[in-house]
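The structure under discussion appears below in the form of structure tokens.
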Ligand code: GLA
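In my numbering, the protein residues as written are 16 to 350.
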């Protein structure tokens, strides 16, 4: 190797140390002197995630740190966002990943860049398909919330005096994500243990976890079961149930023969505001404030004071309907 080649090798080897990337644990606090953290969400268009951002911002304003909100809709965007945060001297981030199987790659990249991280909503899984216990997480008590949906479907069906013979359950499912699977499984379990026949439970597996994804899946289901006169609907979230309700409307089913109950409560207010009731009967209102504010606060305190967050935190929900949503949301500081 000649002298130039040797100098080049030295630069390549020591450049990270020269520019300060060699000691990931010791980061500066940016030019403003304030701690900066990121908040990455998988579906920035969903009201649920906009609410998380809103409450994360409230946390940043009250504790005086900088918050960078990033819509990370695919794996490439997540990895680029982490590079970007590191380049901005951020100290950590909260993330709801577009794909939980990216967990090991996200953690490795964050560790490399000296960034602390917490997952929210969707928990990372490792190469073995199991949750990654080393990553701090805040999510919902998915199975319990699913069961609350199932119980409420059962209560409303009985209140209306529906004949079980003519009724079926449509579960718009997104089973590749555990929190989603636990929700629909929980609803099915509660309903069947209240006496609903298992053979009247029909799953509509979504290819994409959004309204059109549920609409398409439920349309297929309705073609297969054209003889059902009354439908109950459960799903992963409000959007799943909204897509199902729209598909049913296309086939002539409406408020009188559909009982749909969603999850989130943040993504169905427009539905409740419609002049006439639709098949979207109720939702379980989750706690977006806790998911946005509390995760940001935990991460901030961890960075600033070294207070490690609890490894796992699970939140609950409250049933809301067209009649009650305004009052409940007001009480929860959401209206
Ligand atoms: C998942 C869903 C969201 C919301 C959160 C709540 O990420 O996709 O719509 O329900 O869980 O934790």
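All C-beta atoms in this analysis are idealised placements derived from N, C-alpha and C, irrespective of residue type, glycine included.
All values derive from a computational prediction rather than experimental measurement.
- Boundaries cannot be given for residue 241, as no alpha helix (DSSP H) includes it and DSSP labels it neither H nor E.
- Residue pairing by DSSP places residue 216 opposite 184 in a beta bridge.
- Take residue 83, set aside five residues on each side of it, and the residues of its chain with a beta-carbon closer than 6 Å to its own are 53, in chain order.
- In this structure residue 257 is in contact with residue 277, their Cβ atoms being roughly 7 Å apart against a cut-off of 8 Å.
- For residue 111, the shortest C-beta to heavy atom distance toward ligand 1 is below 7 Å.
- Nearest Cα to residue 207 within the set 81, 281 and 179: 179.
- As summarised for the region 258 to 298, the continuous beta strand (DSSP E) elements at least 3 residues long and confined to that stretch are 273 to 279, given in chain order.
- Nearest C-alpha to residue 125 among 150, 240, 311 and 146: 150.
- Rounded to whole angstroms, the gap between the alpha carbons of residue 60 and residue 88 is 10 Å.
- The residue from 308, 328, 274 and 241 with its alpha-carbon nearest to that of residue 65 is 308.
- The three-state secondary structure of residue 118, taken from DSSP, is helix.
- Nearest neighbour of residue 326 by Cα position, chosen from 62, 70 and 139, turns out to be 139.
- Contact between the region 228 to 239 and the region 193 to 204 is absent, with fewer than three C-beta pairs closer than 8 Å.
- Rounded to whole angstroms, the gap between the alpha carbons of residue 129 and residue 291 is 53 Å.
- The closest CA to that of residue 328, considering only 134, 162 and 247, is found on 134.
- With a cut-off of 8 Å on Cβ pairs, the region 262 to 278 is in contact with the region 153 to 168, counting three or more such pairs.
- Leaving aside the five residues that flank residue 166 on each side, the residues in its chain whose CB is nearer than 6 Å to its CB run, in chain order, 205.
- Counting of Cβ neighbours within 10 angstroms places residue 222 among the exposed residues, the total staying below 16.
- Residue state for residue 253 is assigned as helix, using DSSP reduced to three classes.
- Restricting attention to 188, 238, 306 and 269, the CA atom closest to the CA of residue 255 is found in 188.
- In the structure shown, residue 211 falls within a coil segment according to DSSP collapsed to helix, strand and coil.
- In terms of Cβ geometry, residue 96 and residue 55 form a close pair [threshold 8 Å].
- Of all alpha-carbon atoms in 271, 211, 100 and 57, the one lying nearest the alpha-carbon of residue 117 is that of 57.
- Counting every other CB atom within 10 Å of its CB across the protein chains shown gives residue 210 a total below 16, marking it as exposed.
- Residue pairing of residue 151 in beta bridges, as defined by DSSP: 133.
- For residue 349, the CB stays at least 7 Å from every heavy atom of ligand 1.
- Look at residue 322 here: in three-state DSSP terms it is coil, with no helix or strand label.
- With a cutoff of 8 Å on beta-carbon distance, residue 136 and residue 240 are scored as not near each other.
- Within the same chain, Cβ atoms closer than 6 Å to the Cβ of residue 315 are found at 78 and 80, the five residues on either side in sequence being excluded.
- Relative to ligand 1, residue 68 has its C-beta separated by 7 Å or more from all heavy atoms.
- Taking C-beta atoms under 8 Å as the contact rule, residue 340 and residue 284 qualify, at a distance of about 7 Å.
- A residue is called buried once 16 or more other Cβ atoms fall within 10 Å of its Cβ, and residue 169 is buried on that count.
- Just so you know, the alpha carbons of residue 73 and residue 109 end up roughly 15 Å apart.
- In the structure shown, residue 100 falls within a helical segment according to DSSP collapsed to helix, strand and coil.
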